[in-house]
Each structure stands twice: as structure tokens, then as C-alpha cells.
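Participant:
Protein chains in written order, with my numbering: chain U, 51 to 349; chain E, 51 to 349.
(1) Taking Cβ to Cβ, would you say residue 294 (chain U) is nearer than 8 angstroms to residue 297 (chain E)?
(2) For a contact defined as C-beta to C-beta under 9 angstroms, what are the partners of residue 274 (chain E) on chain U?
(3) Going along the chain, which residues of its own chain have a beta-carbon closer than 6 angstroms to the beta-carbon of residue 320 (chain E), five neighbours each way excluded?
(4) On the DSSP letters alone, give me the boundaries of the beta strand (DSSP E) that residue 318 (chain U) sits inside.
(5) At a CB-CB cut-off below 7 angstroms, which residues of chain E make contact with residue 271 (chain U)?
(6) Hey, could you find the ends of the beta strand (DSSP E) residue 82 (chain U) is sitting in?
(7) Could you give the C-beta distance for residue 95 (chain U) and residue 70 (chain U), rounded to a whole number, given that I count them as a contact under 8 angstroms?
(8) So, is residue 232 (chain U) buried or exposed, given that buried needs 16 or more other C-beta atoms within 10 angstroms?
(9) Closest to residue 270 (chain U) by C-alpha separation, out of E:289, E:304 and E:281, would be which residue?
(10) Can you pull the chain E neighbours of residue 239 (chain U), defined as C-beta to C-beta under 8 angstroms?
(11) Return yes when the Cβ of residue 165 (chain U) is within less than 8 angstroms of the Cβ of residue 38 (chain U), no when it is not.
(12) What separation, rounded to the nearest whole angstrom, lies between the Cα atoms of residue 87 (chain U) and residue 338 (chain U)?
(13) Rounded to whole angstroms, what's the CA-CA distance from residue 262 (chain E) to residue 192 (chain E)? Just pull it up for me.
(14) Look at the alpha carbon of residue 329 (chain E) and the alpha carbon of residue 110 (chain U), and state the distance between them as a whole number of angstroms.
(15) Considering only C-alpha positions, which residue in the set U:258, U:323 and U:99 is nearest to residue 125 (chain U)?
(16) What are the residues that DSSP puts in a beta bridge with residue 323 (chain E)?
(17) What does residue 190 (chain U) pair with, by DSSP beta-bridge criteria?
(18) How big is the Cα-Cα spacing for residue 314 (chain E) and residue 343 (chain U)?
(19) Here's the rule: buried if 16 or more other CB atoms are within 10 angstroms of the residue's CB, otherwise exposed. What is residue 58 (chain E)?
(20) Which runs of the alpha helix (DSSP H) spanning at least 4 residues fall entirely within the stretch 135-164 of chain E, listed in chain order?
(21) Tell me, to the nearest whole angstrom, how far the beta carbon of residue 186 (chain E) is from that of residue 227 (chain E); I am working on the premise that it is less than 8 angstroms.
(22) Would you verify that the beta carbon of residue 184 (chain E) is, or is not, closer than 8 angstroms to some beta carbon of chain U?
(23) So which residues on chain E does residue 328 (chain U) lean against when the C-beta distance must stay under 8 angstroms?
(24) Apart from the five residues just before and just after residue 243 (chain E), which ones in its own chain have a Cβ nearer than 6 angstroms to its Cβ?
(25) Residues of chain E with CB under 9 angstroms from residue 124 (chain U), in chain order?
(26) Smallest Cα separation from residue 167 (chain U): which of U:82, U:138 and U:56?
(27) Taking any Cβ of chain E, which residues in the stretch 225-252 of chain U have a Cβ under 7 angstroms from it, in chain order?
(28) If you reduce the DSSP assignment to three classes, tell me which class residue 124 (chain E) lands in.
(29) I want to see whether chain E comes within less than 8 angstroms of residue 300 (chain U), judged by CB atoms only; does it?
(30) Below 8 angstroms on the Cβ atoms is my guess for residue 260 (chain E) versus residue 240 (chain E); work out the distance and round it to an integer in Å.
(31) Starting from the Cα of residue 117 (chain E), find the closest Cα among E:143, E:188 and E:83 and give me that residue.
(32) How long is the line joining the alpha carbons of residue 284 (chain U) and residue 265 (chain U), rounded to whole angstroms?
(33) Tell me which same chain residues have a C-beta within less than 6 angstroms of the C-beta of residue 122 (chain E), skipping the five on either side of it?
(34) Which residue marks the beginning of the beta strand (DSSP E) containing residue 99 (chain E), and which one marks its end?
(35) What is the rounded straight-line gap between the Cα of residue 190 (chain U) and the Cα of residue 301 (chain U)?
(36) Is there a Cβ of chain U sitting closer than 8 angstroms to that of residue 277 (chain E), yes or no?
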């Protein structure tokens, strides 16, 4: 099933009869507000870990209609560990980060014995709708990997390819971004982009077509690529934009969101299941979409 | 006079009785097409350097109404040098790049004896309209300076401050961008951003208020800054976004243009006069705006 746009994903999530999402440290009004909305929309079912009294108080005070089971786990680290155990044991489909430190949340997920570690780094993907809303474009990494080297970029790309395949893109096209389309040793990101292209050509990166270096305009717009005389299977037609580093990914995704007024869905990938990991500054709609995405993707 | 938005700039350029713009290597149909439109709109007057026969042929064949003087200068380097001499001698207000290599064009401008060199590097600014179209925002550098060090960033900022002041922003507010708002030695752009802030506080960078590191969302949106608890005179109110490097500037400006569908005006600054230096992939409207900008700014 090819997921065409955000509305389509929303409908697919509502139809899905999946396992519950375990919310770690849900004893917070903003988190419970999102859970309340997600339940009302039928996007997913939840189990909430946190201080049970606090959760009950907030739910009563705010008039939330939350039906999810509440588990008393006031300690953040223990709540994270318990939620991971629930996923490992099949009692939950995936995890959602509530009001706790990112490092505490990730530490439980990445625990080598009891966690959801796959050996790959945890990376981030921002999804947006393509121009004609007839397809999704994945931007990665916009939030987690600061300055990946070549093999780090390979992992980021592989995580995004797996996500794209989960969304029905059997052999996604990936543009390795730089600021120019030629190899220039003075611009190290052009070197990495060219190497990733050849690694895909040689089968070292599987299930995708990679081309780079490409500048943003050539990756995004077939017309811009044509004017520049770029012959590429990816230019103007990219499913994945691989960012050269976090600074680029962060600024580009924020520019698209704040200047371009486009919704982006954040996904956190690389663990055994995609987890829900929203920024506080994310819009309610963005947070609901990322819950829909996780519910759709996990068993 | 505070230039409020692109329409305002357009009107100011039409009212301006300035010197002609000398177009270097104008013997090209795309370049002459833009000149024809700019003349028809009354945005500027021109003098065209290039192969005179070729220019006449194109003008006749395309039915252009161009009234500009044609100077026979078929050699690119000589045309660039002659155009610079015209600006130095007061016969032209500034230069516009036609169909020649960027390096040939810039070499003539930066010639130490006969050029328009100020001792500063030539840098690029992309202008966009603020959200409410009641002000301009300058993004720099999005096209020229690949990996500036601290002092290079200081020059880029100073060039942008001069441009902002030419547009009526007496003491522009500049955000030094990074991907986070805290100083982190593992993210060198956060260190440079903090140092630029302190350099402005100490009067080493004049005529502006600088704050950084700021992430794009905090620089652009007062609401995002408030949610993050950032107290800053610049957050949510920036006139200048100083990019950490070209890769960020290039990708952010292209994302705003291609995804956000916003017009950007490209300006090339750091020489004695702002010059017109458009990319081939720029829209006609964008090219006309950059002519309007140059005509408005030069004497």
C-alpha cells in the first residue's frame, strides 16, 4: 500500500487495529491533551506510564475523556524501561516520549540486553507531502545526528529507506544533498554524496536509488535540474533528501515548517520499531500525525 | 526610508533617477529578455556590453524594444573590465552579470588597482519578505562563501548590515544561526554564533544587534522562542539570518523558494556598489527584483 499523503496516512491509522502505544512519563497536561485528541480521532490506543495520581488529577481537571490504562511509574528511567519491556514482550506496539529527558528515553530503547537496539544508530526523519500531495518526501536527519561521517550517513539513509518501504515506496529515490552538483574536495559533503551514490550502485546500500551530490533545487525540482543540464534518475523526483549534517537538516525543516507553512511529521527510526518522539514546539496536528504514522507502521 | 516589502522596493526603483547599470556580456537571449522587461517596467536604465552584432540580431529577432546603448565588447574579460571602469568613472551606477563565467566577472570587480574592491570579501544576500510583508529579512550567505571562519562570518554580517541600512534598517537585528540555542563545542557553529554576539556587544561589529546561537525556528518565530524560554532581543524579530555556512544557506534559501514558494531577491555585496548577479535558475520576477534593488541602492 503506497501512502500518498497525510490524509491517507490518517485514514490508514484509523483503520489499523494495532497494539497500544506505551507513553513514557505521560503525567503532563500537554502530553495528556494530545493523547485525548488522538483517542477521540481513533488514531491509536495507548497505555500511559507516569505518576498515576497526577494523571488522574489532570484528566479530571481538564475534562479529558481518556480511556487508556494508567500504569503507576513515577520514575522516568523506570517508566522508560517498563515501556520498552512491554514492547519487547508484545504488550505494546511502540513507545512515545512524554515529559522526560530525551537521553533517559533513548537510553532505555538502546539498552543492549533488554532494549530495542538493532545495532544501527537512532536517527530522525521529517516527512512532508510532495508538491501535488501525491507522495511523501522524507528529509533526514533533521534532529538527532549532529555531524555524521560517511558510514553514519549510510545508516541514516538505510533507516530512511526502511521507513519509506514501510510506507509503500519499494525502491525509494534518494538525493544526497550538497550545495552544488559537482564533486569538490573543498566541500566534503559533495565527496560523501558521491561516495554514497557509488555505494548504492555497488549494492552496499540496498533497496534504493541514490544520486548526489545534488543541490536542494535540483533534488526538488525537475525544471531546476533541466536548466542546469543534470541527467539524474533522482533529480526532481526524490523520495528521500539526505541532509549533509544536522545544521542543514534542522534549518531546512524549520524553514519549510515556519516559512513554507507546511506540516512535517517527525519519525524516530533505527530501533526495532519506529518510536514517537515529538518536540515541544511541534504543532498539535504534527504530533497527531506522528502518532498516526507510528500506529500505522508497527504491528 | 524603510523599504517595507518587494512592491515598495519596485515602486522606489521606478521613481529613482539613477545611473545606468552596465551589463557585462549581454549578448544572450535570456539576458536581453530581462533587460527588455526591466526597461518596459521602468526599473532601471542600462548600457549593454557584448558582441554588438549578436545583440542587434537577438533584439530584432525577438522583437525586443530595448533602448539601451550597445557597446561592442565581445571579449568577456575586457567587457567586465570596461564595465568596472565605467562605474569607477561615474558613467554607470553598478554592474550586472550577463552570460560569462562568475570568476571572470568577479575578477574584474575585485581588481585591487582598478576595481571596486573595498578590502572585504564579496558575499551574497537573499532577501525575503517578512510574514506580514511589513519588512524584509536578509539571509546570508546563500551562494558565495563556502566555509567562512569567524572573521569571514563577521565580514558576511557587516556586508549584510550595510545592505540593511541602505534599505532603511538603521540598527538591524541579526540572528547567528545554529541548530540549537546553546553553546556546544561539538557544534562549532554555536561557538562562532556566541562569539559574534559578544563581538557585537563589545562594539567590534557595529550598527547592529546580534544574538546567537539561535535555531531557525527561534530566530524566525517569537512563539517558538517563547516555548523554548529564550529571552532575546532578536528571537522572532530578526532582520538578518546569518547562516553558519554555504551548505545551510543554499539549502534553506532553496527550500524557501521551491517549497515555500516565496520570492527571494539575490544581492551581491561587499564591493563598492551592490552588483546584480543572478543565477540562471532564478525566476524572471526574481531577476527583475534584483535589478530594482541595485538601482534603488546605487547613486
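Using N, Cα and C, we set each Cβ at its ideal position, and we do this for glycine too.
Facilitator: Result, derived from the coordinates:
(1) Less than 8 angstroms divides the Cβ of residue 294 (chain U) from the Cβ of residue 297 (chain E).
(2) Chain order gives the chain U residues near residue 274 (chain E) as 304, 308 and 331, where near means a beta carbon separation below 9 angstroms.
(3) Answer for residue 320 (chain E): 170, 171, 172, 173 and 209, listed in chain order.
(4) Going by DSSP, residue 318 (chain U) is part of the beta strand (DSSP E) stretching over 315-319.
(5) Taking a Cβ-Cβ cut-off of 7 angstroms, the neighbours of residue 271 (chain U) in chain E comprise 308, given in sequence order.
(6) Counting along the chain, no beta strand (DSSP E) covers residue 82 (chain U); the unbroken alpha helix (DSSP H) around it starts and ends at 79-91.
(7) That pair is a contact at about 5 angstroms.
(8) Exposed is the label assigned to residue 232 (chain U), since fewer than 16 other Cβ atoms lie within 10 Å of its Cβ.
(9) The shortest C-alpha to C-alpha distance from residue 270 (chain U) to any of E:289, E:304 and E:281 is the one to E:304.
(10) Going along chain E in sequence order, the residues near residue 239 (chain U) (Cβ under 8 angstroms) are 297.
(11) Any answer about residue 38 (chain U) is impossible in this case: the structure gives chain U only from 51 up to 349.
(12) Using only the alpha carbons, I get a separation of about 8 angstroms.
(13) Approximately 18 angstroms, taken between the alpha carbons.
(14) Cα to Cα, the separation comes out at about 59 angstroms.
(15) Residue 125 (chain U) has its Cα closest to that of U:99, out of U:258, U:323 and U:99.
(16) Under the DSSP definition of a beta bridge, residue 323 (chain E) lacks any partner.
(17) The partner list for residue 190 (chain U) (beta bridge, DSSP) reads U:175 and U:292.
(18) In this structure, the alpha-carbon of residue 314 (chain E) lies about 34 angstroms from that of residue 343 (chain U).
(19) Buried.
(20) Counting only runs of 4 or more, we get 152-160.
(21) Between the beta-carbon of residue 186 (chain E) and that of residue 227 (chain E) there is about 17 angstroms, and that puts the pair past the 8 angstroms contact cut.
(22) Cβ-Cβ to chain U under 8 angstroms: no for residue 184 (chain E).
(23) Contacts between residue 328 (chain U) and chain E, judged by CB atoms closer than 8 angstroms, are missing: the closest CB pair is about 12 angstroms apart.
(24) Cβ neighbours of residue 243 (chain E) beyond the five flanking positions: 226, 228, 262 and 263.
(25) Residues of chain E passing the Cβ test: none, with the nearest at roughly 25 angstroms.
(26) The shortest C-alpha separation from residue 167 (chain U) is found at U:138.
(27) For the stretch 225-252 of chain U, which is checked against every Cβ of chain E, the residues closer than 7 angstroms are 227, 228, 229, 236, 237 and 239.
(28) In the three-state scheme derived from DSSP, where H, G and I count as helix and E and B as strand, residue 124 (chain E) is classed as coil.
(29) Residue-level contact by beta carbon holds for residue 300 (chain U) and chain E, with a gap shorter than 8 angstroms.
(30) The pair is not a contact, with the Cβ atoms about 14 angstroms apart (cut-off 8 angstroms).
(31) It is E:83 whose Cα lies nearest to the Cα of residue 117 (chain E).
(32) When rounded, the distance between both Cα atoms is 12 angstroms.
(33) 102.
(34) Boundaries of the beta strand (DSSP E) around residue 99 (chain E): 96-100.
(35) Cα to Cα, residue 190 (chain U) sits roughly 12 angstroms from residue 301 (chain U).
(36) By this cut-off, residue 277 (chain E) is an interface position.
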